[in-house]
Amino acid sequence: MTTKLTKRVQGPQFKINARPDHRHFLNVRHLDGFSAKCYNVKHSKELFDIKRGEICVADKKSQAYRDGFPRVFSSLNGYPKQQSDTDVEAYEKRIMESVDFIGIADTECKSTDNAAYQQGFTVSVAGVFTIVNESGQTIRPGDLLEFGLPVGPPAQQGIPPQKMRFTVKKARTHDELLDVAAKAVDAAEKNNNTLKTPLNGISLKKVLADAAIKAYRDAHSRVIGTAMSFSMKGDRLDIKLHSRRSI
Amino acid sequence: MITLGKRSRSGGSAGGPGVSPVVAATDTFFLSNFTTNMPLHVRPWLERYEKDFRKGSLIFCFSGGETRQNITTAGDIPVVNHMLKSKYRRDKDQSKNYLFAESDDSGDGLMQKWKPFGVMLLDMKPESQMQRLLNCTVFGRCKAANMWGPVRMGDVLGLAVVKVPSDKFATIHQPDGSSRPAGVLTQDVWQLMPCKNGKLVRAVADWLGDVAIEHHIHVGIVSKCVTRPPRASAIIAATQITERLTSLPHIEILID
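Chains as they are written, first to last, in my numbering: chain P, 4 to 250; chain F, -7 to 248.
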C-alpha cells in the first residue's frame, strides 16, 4: 500500500537554492553499485529524479563549484562501490560516512534536465514538513530522528519501487552512541600499540579522547529533527528540522 | 509596495497590444521571528493533570507503549518530575509504573520515555470534557513561564536533569498541589530543573549546592523579557506544582 502526500503541514520554513549533482548522476550511470538489495538497479532515469519531500544529501568531498550552490542527490541507486566494500554493511557504512545531510527537497528536479533548466530547485533546511514514514518503525511525537539508509521499497505513491532513497528513523540512544565512541577508542588504542614509539600518558589520553569525541559527534550529527506526530510505518509523518549545531 | 507599469512600444508593432508589465517591488520586509504551531491530542489522566496545562507550559510527550492511537500522553514539567519521583516512592504501585522513568538513556530512561514537544499556545477544543486538543508552538517565537529567574535577551535557556537528595524535600508535592510526607521517597531522585547558559539557575544552585547535570534539554533563546523575575521559592515550587508554574510571569523565547 502506498501513501499519498496530499495533506501536508505548511508553515514557515528556511529554504536554500540548490542544484542536482550531475557529476554524481554520471558516476552512478557508468560505474557499478553493490549487488545487494536494489543498489545496482539503474535501468530507469526516473530513479535518479529528486521528488518533493525526499531527503537530499551532498557528497562531503564534492568538487568545488564557483556558483556557491550545493550539489545534492537523493537516490542511492548505483552508488559506486569500491574494492574495500567487502559486504553490504561495509558499503552502507561508507555511504553514510561520505555524505552530509542538506535538507528536504521542496520542489522536484529531474536528473535529465539540462543545466539551463535547473532554476527553481529549492531545499528546505528548517521548519516543519510532512514526509512518509519509511523507517519500518512506529514513531511518536517528540522522538528524535536521524537520517539513514532505506529498509524497504518506498511507501510513497508515485515513487518507483526500486528506488533506494534515504529515510528517517528513530535516533540512536546515548548508550548506543557511547558504544560507537568506545569502539573508536578501542581502534585508536590498537593503532597506537602498532606504532614504533607508542604514545603514553597525557598524549595517549588526548588521542583517545579525540577519537571518542569525533566518533560521538559524527554519529550524533545524523540527528536531523524531531517527530511532531504519531506515525506507523507507511503513514504520513510531520517532522521539525533542527538547526545545525556542533559540539 | 508593488507597482505595475506599462512599457510602451514604438509604432509599427504587429499583433496584440504589446504591453509588457513592469513590476517593481519596494518592500524590504523579511518575515522574522515567525512561529510554527502543531496540534497535540492529549490523553486524559486519571488525576486530571492535563486540565491544568496553560499557555506557556512546556509540554512533554510520553513515547513508550505500542498502542496504535493518535492520542498522546503528555505532561508538563511538574508532571514529568512527579513521574521521576514516583519511580522511588514506597506508596506507589510499581507494577503500573510504565509511565515512571529513570534518569538514564536506557529503555526505561527519561530521555527515551518523556520527550519535549513544544510550548502550549492555546486549547483548540475548550468544550471537550475528556481529552484536550492543544496547539503547541514547536518552532519560533512563543511565550513561556519564566522559571529561569532574572534573564536577558540572548540567554540560552534549558532544563537539566539533576539528582536531588531526598532530604531536600520538606514534603513531596504532586502536580495538582496535594502533598505527601517526605518519607515516602526510598532514595535520592532525579528531577528536571531550569538552567540558563548551561548552568543551573541561582535559585536551584543555592538550594541543591554543587550537583552534576546528568542531561541537558535545550529549550530556546530569550528574545524579550520585561517582567519582574520570580522569587527563588516560586521557581522551585514551579518545578513541582502545575498551578505555581502557570502563575509565573511570562517571557518571550525563540524555540529553535
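Positions of the beta carbon are idealized from the N, C-alpha and C atoms, including for glycine. Note that the coordinates shown come from a computational prediction; the quantities given were computed from them, not determined experimentally.
Asked, Found
"Residues within the region 103 to 126 of chain F neighbouring chain P, beta-carbon criterion of under 9 Å", "MET103, GLN104, TRP106, LYS107, PRO108, PHE109, GLY110"
"With 16 other Cβ atoms within 10 Å as the buried cut-off, status of ILE216 (chain P)", "exposed"
"Length of the line joining the Cα atoms of VAL153 (chain F) and PHE26 (chain F)", "30 Å"
"Residue nearest to ARG82 (chain F) in terms of C-alpha spacing, selected from F:LYS47, F:ARG172, F:GLY48", "F:ARG172"
"Below-8 Å beta-carbon distance, MET75 (chain F) vs any chain P residue", "no"
"Helix, strand or coil at ALA108 (chain P) according to DSSP, with G and I counted as helix", "strand"
"Beta-carbon gap between ASP102 (chain P) and LYS40 (chain P) smaller than 8 Å", "Reading off the sequence shown, one finds Val at residue 102 (chain P), where the question assumed Asp. No; because the gap between Cβ atoms is not below 8 Å, this pair is not in contact."
"Cutoff 8 Å; reference VAL143 (chain F); Cβ partners in own chain excluding five residues on either side", "LEU149, LYS188, VAL214, CYS217, PRO221, ILE243"
"Own chain partners of LEU34 (chain P) with C-beta closer than 6 Å, once the 5 adjacent residues on each side are dropped", "PRO83"
"Span separating the alpha-carbon of GLY146 (chain F) from that of HIS46 (chain P)", "53 Å"
"Length of the line joining the Cα atoms of ALA255 (chain F) and VAL72 (chain F)", "Not covered by the structure: residue 255 (chain F). The range shown for chain F is -7 to 248."
"Coarse secondary structure for PHE233 (chain P), derived from DSSP in three states", "coil"
"Spatial distance of PRO15 (chain P) from ASP248 (chain F) (CA atoms)", "13 Å"
"With 16 other Cβ atoms within 10 Å as the buried cut-off, status of LEU235 (chain P)", "Contrary to the premise, residue 235 (chain P) reads as Met rather than Leu in this sequence. Exposed, since its Cβ has fewer than 16 Cβ neighbours within 10 Å."
"Reduced DSSP category for ARG223 (chain F) - H, G, I as helix; E, B as strand; rest coil", "coil"
"C-beta neighbour in chain F for ASP182 (chain P), strict 8 Å", "no"
"Nearest-angstrom beta carbon gap, GLN104 (chain F) and ILE63 (chain F) [assumed within contact, 8 Å]", "Going by Cβ atoms, the distance from ILE63 (chain F) to GLN104 (chain F) rounds to 20 Å, so no, they are not a contact pair."
"VAL176 (chain F) to VAL203 (chain F) span [Cα, whole Å]", "23 Å"
"Chain-ordered chain P contacts of ASP180 (chain F) [CB-CB under 9 Å]", "The contacting residues do not exist; ASP180 (chain F) stays about 21 Å from chain P at best."
"SER127 (chain P) and ILE107 (chain P) closer than 8 Å at C-beta", "yes"
"Proximity below 8 Å, CB of LEU184 (chain F) to CB of VAL111 (chain F)", "no"
"VAL153 (chain F) in three-state terms, based on DSSP", "strand"
"Positions along the region 102 to 117 of chain P whose CB lies within less than 9 Å of some CB in chain F", "none"
"CB contact flag (VAL181 (chain F), LEU114 (chain F), <8 Å)", "no"
"DSSP bridge partner residues for ARG81 (chain F) (one or two, in chain order)", "F:LEU177"
"First and last residue of the uninterrupted beta strand (DSSP E) at VAL12 (chain P)", "Premise fails: VAL12 (chain P) is in no beta strand (DSSP E) and is neither H nor E."
"Cutoff 7 Å; reference SER114 (chain P); Cβ partners in own chain excluding five residues on either side", "PRO23, PHE28, LYS48, PHE51, ASP52"
"Selected residue, minimal CA-CA separation from ARG97 (chain P), among P:GLY36, P:LEU147, P:GLY71, P:ASN195", "P:GLY36"
"Cutoff 6 Å; reference HIS210 (chain F); Cβ partners in own chain excluding five residues on either side", "GLY150"
"Inter-residue Cα distance where the pair is VAL196 (chain F) and PHE150 (chain P)", "37 Å"
"Secondary structure of GLU42 (chain F), DSSP reduced to three states", "helix"
"Cα-Cα separation between VAL130 (chain F) and VAL156 (chain F), rounded to whole angstroms", "29 Å"
"Closest by C-alpha distance to ALA212 (chain P), when choosing among P:LEU181, P:LYS199, P:PRO157", "P:LEU181"
"Test: CYS187 (chain F) CB closer than 8 Å to a CB of chain P", "no"
"Nearest-angstrom Cα separation, counted from ASN127 (chain F) out to PRO36 (chain F)", "16 Å"
"Secondary structure of VAL44 (chain P), DSSP reduced to three states", "coil"
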